[in-house]
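Input: a single structure, listed below in C-alpha cells.
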Amino acid sequence: MNYLNSFSAEGQILIYTILILLITVILLFVYTFNLRIYINIKKKFIQIKQNRWEKSIFEYISQDSSRARFSLKLRYRYFKIFGEFVENYLINLKGEDFERIIQLLRDIGYGKMLIKALNKTNKWGKAYAAHLLGLMKYKQAESKLLKLFYHDKSTVVHFNSFEALNRIGSKEELPQRIKAVIKNKHIRNTIVIDILLGYGAGINPVLIEMLEDPEIDSQGKRLIVDILSFLKAIESSKAILRLARKTDDVELKIGCIKAFSSLEDPGNASYLIESLNSENWVIRSLSAKSLGRIGVKAAIPVLKDKLYFDKNYLVRLYSAFALKQMQEKGLHALKEVLVNQRDPQVCQIIIYVIQEGILT
Amino acid sequence: MSGFILKIIFFFNYYVLFYFIILNGIYFLMTILSFFTIRRYMNEYRMIKHRRVFHSSFYHPITVIAPAYNEESAIVESVKSMLQLNYPEFEIIVVNDGSSDRTLEILKEGYKLRKSLLPYQKLIPCKDIKGIYASKDYPNLVVVDKINGGKADALNAGINVAKYPLVSSIDSDSLLEPDAMLKLVRPFLDNKKTIAVGGIVRIANNCKIVAGKMVEVKLSTKWLPKFQIVEYLRAFLFGRVGLDALNSLLIISGAFGLFKKAAIVENGGYLIDSVGEDMELIIRMHRHMREKNKPYRVTFVPEPVCWTEVPETLKVLGRQRNRWHRGLIDSLWIHKKMLLNPRYGIVGLFAMPFFFFFEMLGPIVELLGYIVVPLSLYFHVINVQFAVLFFFVAFVFGIVLSLSSLVLEELSFRRYPKYSQVLQLFVFAVLENFGYRQLHAWWRFKGIIDFFKGSKQWGKMEKKGFETNV
C-alpha cells in the first residue's frame, strides 16, 4: 500500500543504520575511557618528568648539579610538555635566576629544538614554539620568526611570531610589523593590546606616528589611543588632540576623550570644554568627567550650566562629580545650583555628591 | 471517515520520518561544529592564559546584578561568592524584589548596610525602588530594595542603578567561578560589536562548596540531577556552541550572561510579564539590530562556569520545564514576524524556524508519535518491523548525541575527575532515553497547553542552598 508498509530495502537501511549507531555508541564509550586512561597516564608521566626537571632546575640554580645530568633527560618529543613546565619559570623568574635558566636552556639545546618545531609541527605547535622562543629571548630564531610572521597563513602563528620577535628585542622593520598586526582584523584586540603592552613606553613614538597614518582605520587608531592612554604617554597628548579634532568617528572621539582623562594634560581643556556642547551625550558626559579629573577650574561655569540645563541625566551627574572634584570653588558652585534648582533629581544628585563622594 | 483518519495517520508517519531526518541532521551538524569550536577554544586558551591583559584596566568594568526573592537561607553565602570574583573592577547589585522573608534584614546585618542616596536614572521600566543600600565593608556592594515585580522587573531595576557599561545577570543562588567574568568579558574586547555573551551553567548538587568556592565536583547521589547533568552538557556543549558557530544563538541563560548595558537600554530592558525574559531579550536584540541594520554579535563562551542547583524532585523539575517551555513559546510568539523572514538573515531563516518547529513543537510531535505509531500498527499503515527498527534508530541516535556531548566534555574541560563519574554519566546518557525523555516531552507539552490557557506562573522552586552541600 505504501512506502513504509514494506520491509525490504528500507528495513535493511534501518538495520544498517542501527548497526552503525550501535558501533558508534561502543566506539564513543571506548574512546572516552581510553582518552581518560591516556590522559591520566600522561598526567602521571608528565608529573614524574616535571618533578625530575624541577629538581634539576633547582639544583642547577643553586649550583649543585652539572648541566650534563640535566640535559640527558630532554628529548625532542617532549618539547611541548617541557615547554609547559618551563613556561612558568620563564614568565616568573627575574634577574640572575632568569639568566641562569636561559643559559641552561640554550646549553641543553632547547632553543634549537624549538626552531626544529617551527618547521615540523602543526600551527598550534609552531605558535607554541614561537611563544617559548620569545620567552627565551632566543636571538638565533629571529630570521625564522620573521619568515613565519610574514609568510605563515595562520593568524595564531602570525601573532605569536610577532610577539616572540618583540620579546627577543628585534628592531627589524618594527613599525611595519606593528602596523601589520594592527591592520590584521583576524587577530583579537586582547592579543594586540597584550603584545603592544609588552613593549612598555618604548613603543610610544611608533604608535604616535601611526595616529597620523591614513592606512590605519578608525578601529586601529582607537586601539592605539587606548594603549597610549593606558601607558599614560603624555607625549601623545597633542597627536591625540589633533586626531580628536580631525575625526568624525564618534567611537574614536570617545576614545580620545577617555585618553585625555587618563593623561590629565591641561592642554586639552579647551577641547573638552568645547565638547561639552557636542550633540552626542556620551561625548558630553565623558568630557565633563575628564574635566573633573584634570581639575579644570575654568570649566566651572559651563559645568554649572550643564548641571542646570542638560537634557541627559548622565551629563548632569558627571558635571556634578566634576564640580565636586574642583574643591572649594566647585563645591561652592554645587551648593549654588542646589539652592536655585527645583528639579528633585538634580537635587538628589547634588546631595549625593556632596555627602557621599563621586562614582569612579 | 476511517479512510480520512488512515490518510492522516499515513501522512503523519511521513512527517515524523521527515522531521526525524532534518532534526537529527541539524544536531549532527551542530555536534561537528561544536567539536571544532571547542578544540579551537582550548588551543587558543592555552596560548593566552598568561597574558597581561587579563589583569589590566583594559577590561571594562562590570556590574553583576543578582535578583533575590525570599532567599534568606542562602543570600549571604551567595553574595560572599560574588564578592570573591577575580576581576579588576566590578560592582555587585543585589535586588531584593519585595521579599516577604528576612532577605533584606539578613543582608543589612551581614554586610553592615546603610541607606545610600546613590542617584539613578529610570532608563527602563521597573516597579518603584524603596531604597538603595551601600555596604561599609564592601564599597562595591549595592543592595536595591524594591516593590515586588518579578525577576525581569528586578533585573531592570538593577540595570537602572548599574554604573558600569557591562551588566551581568546571574541568579542569586548560583555560584560563579572566580575567573568566570574575566573569561566572559573577552568577546567584548575582541569584537566591539559584541552586545551579549553567555557562559556555561553546570550542576552543583552534592558538590563540595566551601566559603562560596567550588572545592570538589561530585555527582549527585540522586537520579534526577544526573539526568540533568547529561542534559545540560548536551544543551551547552553542543547546543549553544553549535548555534553560536552558526551565529544563531537565541538564548543566553538568565543564570549567567553578560550584556552591553546600552544595548539592553536601547531595547527597552527585560520584558516584565514574560516567563522567558532571558530568551525574549536576546530575540528582541537580534530583531532590533537587524531592523536598524546595525552590526552586532551575540555569542557563547564554553568555559566560564556558573554552578547552580537543579531540582531533585519530579514535581519541581516538571514545573521548571513547563515554565521554560512557556517562556520559549512566549518569546517566539512575540517575535513571530521574524519566522522565515529573510530580512532577519540567518536568525529569521534558520534559528527561529529551528526553535519553532523542533524545540517548540517537538513535544507535540514526540507525544503524537507515541500515539500514532501504535495506531499505524493497528491499522497496518506501517510494517511492525519497520516501526520497531525506526524507534530503535531514534533511541540509539539520541544516545549517540548524548554521548557525543560527554565526549566533548572529556576532550575539553573534564570537570568530573573520576572514572566512576564518567561511567555513571554514560549510563545516564543511555537511560535518559527510556522514561526521562518522554517525561520531559510531557512536561513541555503541558507547558504548551498552559501557555494557551494564559498561565504566567513561575511555580515555586525548592532549593537547599549551597551551604547544605558543604
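In order, the protein sequences belong to chains A and B. Numbering follows our numbering, in which position 151 of the first sequence is assigned residue number 561; successive positions increment by one, without gaps. Numbering follows our numbering, in which position 164 of the second sequence is assigned residue number 581; successive positions increment by one, without gaps. We put the CB at the ideal spot given by N, CA and C, even for glycine. What you are looking at is a predicted structure, and each value in this text was computed from that prediction instead of being measured.
Check this for me: beta carbons of A:I471 and A:R510, under 8 angstroms apart or not? Taking 8 angstroms as the cut-off, the Cβ atoms of A:I471 and A:R510 count as close.
Backbone secondary structure at A:R703 - three-state DSSP: Here A:R703 sits in helix by DSSP.
Would you kindly work out how many angstroms separate the C-alpha atoms of A:R598 and A:K557, rounded to a whole number? Cα-Cα distance, rounded: 21 angstroms.
Beta carbon proximity, B:S516 to chain A, threshold 8 angstroms: With 8 angstroms as the cut-off, B:S516 does not count as an interface residue toward chain A.
Just checking, does the segment 555-564 of chain B make contact with the segment 511-519 of chain B on the three C-beta pairs under 8 angstroms criterion? In short, these stretches touch, since the Cβ pair count reaches three.
Chain-ordered chain A contacts of B:N460 [CB-CB under 7 angstroms]: Around B:N460, the beta-carbon contacts reaching into chain A at under 7 angstroms are W534.
Which residues share a DSSP beta bridge with B:A483? Residue pairing for B:A483: DSSP places it in a beta bridge opposite B:V511.
Can you tell me whether DSSP reads B:Y713 as helix, strand or coil? Note: B:Y713 maps to coil in three-state DSSP.
Classify A:A478 as helix, strand or coil using the three-state DSSP reduction. Reliability fails at A:A478, whose pLDDT of 46 lies under 50, so the model's placement of it is uncertain and the value that follows must be treated cautiously. Three-state DSSP puts A:A478 in a helix.
For a minimum of 4 consecutive residues, which ranges assigned as the alpha helix (DSSP H) are wholly contained in the segment 615-665 of chain B? DSSP runs (the alpha helix (DSSP H)) wholly in the segment 615-665 of chain B: 640-650, 658-662.
For A:L584, which residues from the same chain have a beta carbon less than 7 angstroms from its beta carbon, with the 5 sequence-adjacent residues on both sides left out? Excluding residues within five positions, the ones whose Cβ falls inside 7 angstroms are V616.
I'd like the span of the alpha helix (DSSP H) that includes B:L572, first residue to last. Element bounds for B:L572: 568-578.
Within the 8 angstroms Cβ cut-off, does B:R736 reach chain A? Not one chain A Cβ lies under 8 angstroms of B:R736.
Taking the alpha helix (DSSP H) that B:I564 belongs to, which residues open and close that run? Neither: B:I564 is in no alpha helix (DSSP H) and is coded neither H nor E.
Kindly list the residues whose CB is nearer than 6 angstroms to the CB of A:P711, restricted to its own chain and excluding five residues on each side of it in sequence; keep chain order. Closer than 6 angstroms at Cβ, skipping near neighbours: no residue.
Any beta carbon from chain A within less than 8 angstroms of B:Y853's own beta carbon? It does not; no Cβ of chain A falls within 8 angstroms.
Integer-rounded CB distance, given that A:I467 should sit under 8 angstroms from A:Y499: The C-beta separation of A:Y499 from A:I467 comes to about 7 angstroms, placing the pair in contact by the 8 angstroms criterion.
Taking beta-carbon pairs under 9 angstroms, can you tell me which members of the segment 629-655 of chain B lie near chain A? Residues are counted here when their Cβ sits less than 9 angstroms from a Cβ of chain A; for the segment 629-655 of chain B the count is zero.
Host alpha helix (DSSP H) of A:G665 (start-end): In this chain, the alpha helix (DSSP H) harbouring A:G665 covers 660-673.
Let me know the secondary structure DSSP gives B:P478 once reduced to three states. B:P478 carries a coil assignment under DSSP once its states are collapsed to helix, strand and coil.
I think B:Y476 touches B:V634, with their Cβ atoms under 8 angstroms apart; what is that distance to the nearest whole Å? With a beta-carbon spacing of about 27 angstroms, B:Y476 and B:V634 fall beyond the 8 angstroms limit used to define contacts.
Based on DSSP bridge pairs, tell me the residues matched to B:S837. Answer is none; B:S837 lacks a bridge partner.
Kindly say whether B:Q841, judged by its beta-carbon, lies nearer than 8 angstroms to any beta-carbon of chain A. No, its Cβ sits nowhere closer than 8 angstroms to a Cβ of chain A.
Residues in the segment 787-798 of chain B having any Cβ partner in chain A nearer than 9 angstroms: Under the 9 angstroms Cβ criterion, the segment 787-798 of chain B contributes S793, H797, V798.
For B:P728 versus B:I617, is the C-beta distance shorter than 8 angstroms? Cβ atoms of B:P728 and B:I617: not closer than 8 angstroms.
Report back the beta-carbon spacing between B:M499 and B:V512 to the nearest angstrom; my notes put them in contact at under 8 angstroms. Wrong, their Cβ atoms sit about 13 angstroms apart, outside the cutoff.
Of all the CB atoms in chain A, is at least one closer than 8 angstroms to the CB of B:Y436? No - not a single Cβ of chain A is within 8 angstroms of the one on B:Y436.
So, is the C-beta of A:I435 closer than 8 angstroms to a C-beta in chain B? With the sequence shown as reference, residue 435 of chain A is identified as Val, and Ile is not the correct amino acid for it. By this cut-off, A:V435 is an interface position.
Should B:V801 be labelled buried (16 or more other beta-carbon atoms within 10 Å of its own) or exposed? Looking at its Cβ environment, which holds fewer than 16 other Cβ atoms inside 10 Å, B:V801 is exposed.
Whole-angstrom distance between A:S639 and B:S822, CA atom to CA atom: Spanning the two alpha carbons is a distance of roughly 44 angstroms.
Measure the CB-CB distance between B:F796 and B:I426 and report whether it falls below 8 angstroms. It is a contact, given that the beta carbons lie within the stated cut-off.
8 angstroms is my cut-off, CB to CB: does B:E827 come that close to chain A? Answer yes: the Cβ-Cβ gap between B:E827 and chain A drops below 8 angstroms somewhere.
Residue of A:E746, A:K465, A:V749 minimising C-alpha distance to A:F495: Looking at the Cα atoms, A:K465 is the closest of the given residues.
Can you say whether A:E506 is buried or exposed, counting buried as having 16 or more other CB atoms within 10 angstroms of its CB? Exposed.
Could you name the residues of chain A that B:Q838 contacts, counting a contact when the two beta carbons are closer than 7 angstroms? Within 7 angstroms Cβ-Cβ: nothing; B:Q838 doesn't reach chain A, min ~10 angstroms.
Is there at least one Cβ from chain A nearer than 8 angstroms to B:L806's Cβ? Under the 8 angstroms criterion on CB atoms, B:L806 is classed as interfacial with respect to chain A.
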